[in-house]
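Below: the structure, in structure tokens.
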Amino acid sequence: MFADINNTEGSIKFFRTIITTVFMVFLGSCGDRTLEIDSMENSYGQLSELTIKAPAAKREREIITHHGREVDDYYFWLKDQSYPIIDDTEVLDYLEQENNYFKTFLDSNQNLVDTLFEEFKSRVDKEEKSLPYTKSGYEYWWYFEADSDYRTHVRKEIGSDEIQIILNETELSKSYDYFVLGDWEISPDNTLLAYTIDTSGDERYQLKILDLETMQHKNDVLNDVEGSIVFGGNSREIIYLLLEPDRWHAKELKVHLIGEDQASDETIYLEKDDGFFIDFNLTSDEKYLVVSSSRSEVTESYIVPRNDIFSRLTQVVSRDQGFDIRLDHAGDRFYLLANDIHKNFRLVSVLDNNLSYDNWEVILEGTDDRYFLDIKTFEKFLILKCRDKGLDTLLIGNYADSFEGIEFPESPATINLSYNPEFDQSFVRLNFQSMITPRTTFDYQFKDGRFVTRKIQNIPSGYDSSLYKTERIMIKARDGVEIPVSLVYKNGMERDGSSPMMLYGYGAYGSTISPTFSTMRLSFLDRGFIYAIAHVRGGAMLGYQWYLDGKLEKRENTFNDFVDVGRELIELGYSDKGNISISGRSAGGELMGAAVVQAPELWRSVILGVPFVDVLNTMLDEDLPLTPPEWEEWGNPIKNVEAFDLIRKYSPYDNIKAESYPPMLVTGGLNDPRVTYWEPAKWTAKMRHLKIDTNLLVMRINMGAGHFANSGRYGRLRDYAEEYSFVLRAHEIEK
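Residue numbers (full-length UniProt numbering): 1 to 735.
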């Protein structure tokens, strides 16, 4: 599934979770030889009379030895040994060769790219405006100016007509080729705005402070910030995470006193274990700062009063207790979702002055069918986001009586809480969408249970949902477990195998790829494609156990599920062998690599977006900042020989063989701290050396960005247009 760029409600927030925003890219492979494209052996697509000389990376043997096992790696040299500095001219030269090779393909395909780009743009509300929200006596909203890549953020005092521009992203971005606004916050006294920006894609943010009365920046400039920020209660303290100098990892939660030097900032929490990530947030009533340190299945949480930020942190749950929690606060109680008793979490409460585990009071028990995902408190009501048998639901309670479900007009659908900043508001703002229903924003009134429609995603080119159909089916995997699959297609589709298909998958970290709406996806559907999402194990579509059944020693379930879904979709007549293109990004790129080496004959083309394909080498490199926490997902091959053998068995890079593969498009970012550039580069180099077909293999490395590709709404649309064009050409669709 491709990320849908043209809609976001509420304030822009910084998300640390491994993104499950998904990019799609697809088509071909080429050998280390000059290729006459118009005489491809497998007829996977025509690239119109081009003769292309593919780059050939040098082979330089490196032997990796652990537990008495030897692994040959002929492309180890592509990791710049001075990383995170990347200045090896031989490495950079190879990446540029690959980019030039990709550009040659792109030049031959420019008309289709331009057509797709114009289609995407025609569905973008060029002057989109967000819904206003109220906070501390002001209304806030953002808008796009026509053809602008970035938002303008404004506010006005309630009762006044004077609108104040508080943050103009377009102006801020002018000095940079890459620009992302990470987080921004208004001080409790409404006089200051703190914000973070990333200008390279390496996710090392800079924090600045704007005086909203003078509209002048303070002298304070904080570097190496993780991205998220919170003001202390007195409006003169800013809480942030400090990244280590040479690693994309934060061990210290700091407090900055406005007007002081960053070097004097005090550490209020120090994490000594490299396997844990720190996170922090305010409770909904803004009384407490919650500090959490977590890894895979374990969270340790602390609270501290926002108005007394330098006081001693109070522990809520220790990591030694061995479970995960989410919490919020209302009145004199904390409300917690905890999976201490049931993997799908239960709801408990505890007095805020007596947090002992023995004092927890159960409100709702956990069940096998209902998976509690998140909690949000209001003054008089509590909202729980859940997934019942794989379907999004919301429960509402009033702290006294039983909970009730909120009924929605369509299922399956994706339901999320929007930005709800006021603790005492009389409604909860929700976002609702499905694979055929554009995102709709509702205000659900607590008093009478009414839905008030506030906004429906505007698609200027026009859209008629009655022309499309969506469904969810269950497909049995090879071990008998049934895998949910979401599909969308245009009416009139015949199950005779003739339809081209795009099949997307992720399946890691318990992240669920929800059935959302995408305006860009219409360019596939209107050309006769079926679009499908395989909700494989490793995600959490069917609960927490669904996640556990796709990690560590069960990791291969994820790959087998995806391949089995593809095979059964063929058997059911949705598509045919060799007529399915597949896509995944990051850990989903690992899934694509595993799927193509396991069953290359099934796929028409493959998009590997910033793919985590060199799993064994990465898990053996404990100096990489994300490796220690990742051992909880994949296993530790340094200490555990069984983990070494298992990862070696499925790691896509280590399992490339001398056989025919479908066309492939591989993407990466030079500044990516999550999946380092050498993973897609090594995959491409080794694949091109070993494969025995003449299908196109291209790689696009963004030399000025990171994990999330280009910045700006139109820059990203251009990336997607290139990727969509690759898929269409693989299916011999030229316009």
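Where is the CB? At the ideal position from N, CA and C, for every residue including glycine. Owing to the predicted nature of the structure, the values given are computational and were not obtained by experimental measurement.
Consult DSSP for residue i and reduce its assignment to one of helix, strand or coil.
i: residue 329; result: strand
i: residue 1; result: Reliability fails at residue 1, whose pLDDT of 29 lies under 50, so the model's placement of it is uncertain and the value that follows must be treated cautiously. Reduced to three states, the DSSP call for residue 1 is coil.
i: residue 107; result: helix
i: residue 399; result: coil
i: residue 23; result: The predicted position of residue 23 is uncertain, since its pLDDT is 33 and thus under 50; a value taken from the coordinates is nonetheless stated next. If DSSP states are grouped into helix, strand and coil, residue 23 belongs with coil.
i: residue 486; result: strand
i: residue 264; result: helix
i: residue 689; result: helix
i: residue 159; result: coil
i: residue 29; result: Low confidence applies here, because residue 29 scores a pLDDT of 32, under 50, leaving its location unreliable and the question unanswered by this model.
i: residue 680; result: helix
i: residue 203; result: coil
i: residue 82; result: coil
i: residue 545; result: helix
i: residue 647; result: helix
i: residue 570; result: helix
i: residue 259; result: coil
i: residue 97; result: helix
i: residue 481; result: coil
i: residue 730; result: helix
Just tell me which of the options has its CA closest to the CA of residue i.
i: residue 490; options: 226, 508, 531 and 476; result: 531
i: residue 290; options: 336, 248 and 258; result: 336
i: residue 616; options: 634, 602 and 625; result: 634
i: residue 126; options: 713, 720 and 730; result: 713
i: residue 98; options: 702, 234, 268 and 655; result: 702
i: residue 131; options: 454, 242, 230 and 449; result: 454
i: residue 466; options: 483, 488, 445 and 625; result: 488
i: residue 682; options: 693, 700 and 692; result: 700
i: residue 53; options: 87, 78, 105 and 64; result: 105
i: residue 416; options: 424, 308, 434 and 400; result: 434
i: residue 356; options: 302, 365, 379 and 330; result: 302
i: residue 726; options: 666, 590, 710 and 419; result: 666
Please classify residue i as buried or exposed, where buried requires at least 16 other C-beta atoms within 10 Å of its C-beta.
i: residue 744; result: Given that the chain is displayed from residue 1 to residue 735, the structure contains no residue 744 and the question cannot be resolved.
i: residue 109; result: buried
i: residue 49; result: Residue confidence is low: residue 49 scores 34 on pLDDT, short of 50, so the model does not pin down where it sits. Its coordinate-derived value is still stated next. Label assigned to residue 49: exposed.
i: residue 67; result: exposed
i: residue 649; result: exposed
i: residue 353; result: exposed
i: residue 334; result: buried
i: residue 134; result: exposed
i: residue 122; result: exposed
i: residue 361; result: exposed
i: residue 28; result: Note that residue 28 scores 33 on pLDDT, short of 50, meaning its location in the model is unreliable; the coordinates nonetheless yield the value given after this. By the 10 Å Cβ count, residue 28 comes out buried.
i: residue 572; result: exposed
i: residue 654; result: buried
i: residue 298; result: buried
i: residue 251; result: buried
i: residue 79; result: buried
i: residue 389; result: exposed
Cβ of residue i within 8 Å of Cβ of residue j?
i: residue 544; j: residue 344; result: yes
i: residue 675; j: residue 612; result: yes
i: residue 384; j: residue 408; result: no
i: residue 724; j: residue 523; result: yes
i: residue 729; j: residue 112; result: yes
i: residue 257; j: residue 244; result: no
i: residue 733; j: residue 604; result: no
i: residue 253; j: residue 225; result: no
i: residue 277; j: residue 295; result: yes
i: residue 651; j: residue 693; result: no
i: residue 188; j: residue 233; result: yes
i: residue 286; j: residue 229; result: no
i: residue 177; j: residue 497; result: no
i: residue 120; j: residue 721; result: yes
Is any beta-carbon of chain B found at less than 8 Å from that of residue i?
i: residue 363; result: No chain B is present in this structure, which holds just one protein chain.
Are the segment 618 to 631 and the segment 588 to 605 touching, with three or more C-beta to C-beta distances below 8 Å?
no
Okay, do the segment 63 to 71 and the segment 610 to 622 touch, 3+ Cβ pairs below 8 Å being the bar?
yes
Contact between the segment 164 to 176 and the segment 147 to 156 (3+ Cβ pairs under 8 Å):
yes
With a threshold of 8 Å, are at least 3 pairs of Cβ atoms found where one atom belongs to the segment 505 to 514 and the other to the segment 582 to 590?
yes
Below 8 Å, can you find three or more Cβ-Cβ pairs linking the segment 257 to 268 to the segment 211 to 226?
yes
Quick check: the segment 493 to 503 against the segment 427 to 442, are at least 3 beta-carbon pairs closer than 8 Å?
no
Stretch-stretch touch, CB-based, cutoff 8 Å, three pairs: the segment 548 to 567 with the segment 513 to 528
no
Between the segment 363 to 382 and the segment 315 to 332, are three or more C-beta pairs nearer than 8 Å?
yes
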